[in-house]
Amino acid sequence: MSSPPMIDGAFARWLASRAGQALLDLRTEMGFADTGALKSAGDKVSHDLIRTELAKWRPGDAVLSEEDEGSRLAWAAEVNTGAVSRLTADRVWIVDPLDGTREFSEEGRSDWAVHVALWARNAPSPHGLIAGAVGLPAQQRVLGTDYPPAYPPMTVEAATAGERKIRLAASRSRPPVFLSDLAEDVGAHLVPMGSAGAKIAAVVTGEVDAYIHAGGQYEWDSAAPVAVATATGLHASRIDGSALKYNEADPRLPDLLVCRKDLATRLLAALQKHSG
Ligand SMILES: Nc1ncnc2c1ncn2[C@@H]1O[C@H](COP(=O)(O)O)[C@@H](OP(=O)(O)O)[C@H]1O
Ligand SMILES: [Mg+2]
Numbered sequence: 000m001s002s003p004p005m006i007d008g009a010f011a012r013w014l015a016s017r018a019g020q021a022l023l024d025l026r027t028e029m030g031f032a033d034t035g036a037l038k039s040a041g042d043k044v045s046h047d048l049i050r051t052e053l054a055k056w057r058p059g060d061a062v063l064s065e066e067d068e069g070s071r072l073a074w075a076a077e078v079n080t081g082a083v084s085r086l087t088a089d090r091v092w093i094v095d096p097l098d099g100t101r102e103f104s105e106e107g108r109s110d111w112a113v114h115v116a117l118w119a120r121n122a123p124s125p126h127g128l129i130a131g132a133v134g135l136p137a138q139q140r141v142l143g144t145d146y147p148p149a150y151p152p153m154t155v156e157a158a159t160a161g162e163r164k165i166r167l168a169a170s171r172s173r174p175p176v177f178l179s180d181l182a183e184d185v186g187a188h189l190v191p192m193g194s195a196g197a198k199i200a201a202v203v204t205g206e207v208d209a210y211i212h213a214g215g216q217y218e219w220d221s222a223a224p225v226a227v228a229t230a231t232g233l234h235a236s237r238i239d240g241s242a243l244k245y246n247e248a249d250p251r252l253p254d255l256l257v258c259r260k261d262l263a264t265r266l267l268a269a270l271q272k273h274s275g
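Heads up, the sequence shown is in numbering that gives the first Met the number 0, so the first residue is 0 and it goes up one at a time.
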């Protein structure tokens with residue numbers, strides 16, 4: 000087999016595509032009768048593939064994957080010894096092998112994703128992400144920083160014309176408690192969807208106008224999609240407006256807002272009012 004691309008953005012796309020194909024194959028092989036087994040197998044197959052390829056092609060880089068033992072623990076308690084230390088490394092791959100595991104196990108659903116992001120110590124942006132790809136295997140597409148989709152996803156005039164309400168993506172299983180009130184306040188309607196990656200991809204492509212999450216998440220849930228979203232020119236921040244930061248000692252990153260830049264001030268003001 001030929002070598003994967005040298006350029007990190009293209010390599011991230013290649014890796015997300017490979018893992019995505021393995022996940023599609025697994026769905027076909029296993030079917031949907033035992034959802035628990037399918038979820039576990041999906042997490043494992045994708046994680047193993049990504050870990051193996053990163054060890055082979057980027058051996059000097061550190062990795063933070065959701066499926067690593069101890070991944071949710073802050074660095075001080077991390078049990079992932081033997082690996083390159085991610086807090087002293089110059090480059091760290093932040094990976095969610097299967098985001099939207101629940102949706103992956105439900106027949107017919109396409110709102111699940113593979114996240115591959117690269118954080119670098121010398122990155123110019125506060126979030127530190129220099130490359131990323133979000134694979135949406137069941138939607139037959141991969142969004143990546145190597146070819147960022149056009150911005151804005153639709154013209155601001157078209158997006159804000161007439162009576163059309165803001166389309167606000169939110170978790171279908173655990174939306175923030177304040178979101179219905181916020182939506183009513185800003186004239187938005189909620190679009191329930193699984194997977195942080197699928198929701199941010201929907202903002203990138205203009206299928207929705209914004210994504211708000213609060214109440215808990217980890218760096219791998221948003222790193223790759225935020226890399227792509229910001230590469231296209233979208234707004235991405237914590238819900239208090241502060242910068243998203245990755246490869247922190249504590250990998251918890253509990254909330255975020257991703258939206259077109261023209262909506263950010265309005266949505267941040269509404270978040271300040273409703274999320275406090
Ligand atoms: N309160 C919470 N605490 C921890 N993780 C959360 C969370 N709410 C959402 N997530 C994670 O964010 C991802 C998207 O969630 P949702 O589909 O509900 O929007 C899922 O990732 P995984 O599928 O990789 O576990 C989910 O586990
Ligand atoms: Mg996830």
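Note that the Cβ used here is the ideal one computed from N, Cα and C, for glycine as well. Keep in mind the model is a prediction, meaning the values are calculated, not measured.
Do ASP95 and TRP13 have their C-beta atoms closer together than 8 Å?
Contact flag unset, no.
Less than 8 Å between the C-beta atoms of PRO250 and VAL203, yes or no?
No; because the gap between Cβ atoms is not below 8 Å, this pair is not in contact.
Cβ-heavy atom distance between ALA200 and ligand 1 below 7 Å?
No, the beta carbon of ALA200 sits no closer than 7 Å to any heavy atom of ligand 1.
Tell me whether GLU65, by its Cβ, gets closer than 7 Å to a heavy atom of ligand 2.
Correct: GLU65 has its Cβ closer than 7 Å to ligand 2.
Buried or exposed: PHE31, going by 16 or more other Cβ atoms within 10 Å of its Cβ?
Exposed, by the Cβ-count rule.
Less than 8 Å separating the beta-carbons of PRO253 and ALA213?
Yes, the Cβ-Cβ distance between PRO253 and ALA213 is below 8 Å.
Could you check whether the segment 40-53 touches the segment 173-190, counting it as contact only if at least three pairs of C-beta atoms, one from each stretch, sit closer than 8 Å?
Touching, no, given that fewer than three Cβ pairs across the two stretches are closer than 8 Å.
Can you check the segment 156-192 for any beta strand (DSSP E) of at least 3 residues that lies completely inside it and give the ranges in chain order?
Correct list: 165-170 and 187-192.
Output yes or no for whether 8 Å exceeds the beta carbon distance between ILE199 and ALA169.
No, the Cβ-Cβ distance between ILE199 and ALA169 is not below 8 Å.
Mind pulling the alpha helix (DSSP H) runs of 4 or more residues that sit fully within the segment 211-274?
If we require 4 residues or more, the alpha helix (DSSP H) runs fully inside the segment 211-274 come out as 218-231 and 260-273.
By a C-beta neighbour count over all protein chains shown, 10 Å radius and 16 as the cutoff for buried, is TYR146 buried or exposed?
It counts as exposed.
I'd like the ranges of any beta strand (DSSP E) spanning at least 3 consecutive residues and lying wholly in the segment 19-85.
Here the runs fully enclosed are 61-64.
For LEU86, count the other beta carbons within 10 Å of its own beta carbon; 16 or more makes it buried, fewer makes it exposed. Which is it?
That one is exposed.
What is the DSSP secondary structure of ALA88, reduced to helix, strand or coil?
DSSP places ALA88 in coil when its eight states are reduced to three.
Determine, using beta carbons only, whether VAL133 and ALA112 come nearer to each other than 8 Å.
It is a contact, given that the beta carbons lie within the stated cut-off.
Can you tell me whether DSSP reads PRO136 as helix, strand or coil?
DSSP places PRO136 in helix when its eight states are reduced to three.
How is the alpha helix (DSSP H) around VAL203 delimited, first residue to last?
Segment 195-204, the alpha helix (DSSP H) holding VAL203.
Grab me the residues of ALA122's own chain with a C-beta within less than 8 Å of its C-beta, minus the 5 sequence neighbours each way, in chain order.
Contacts found: LEU128 and ILE129.
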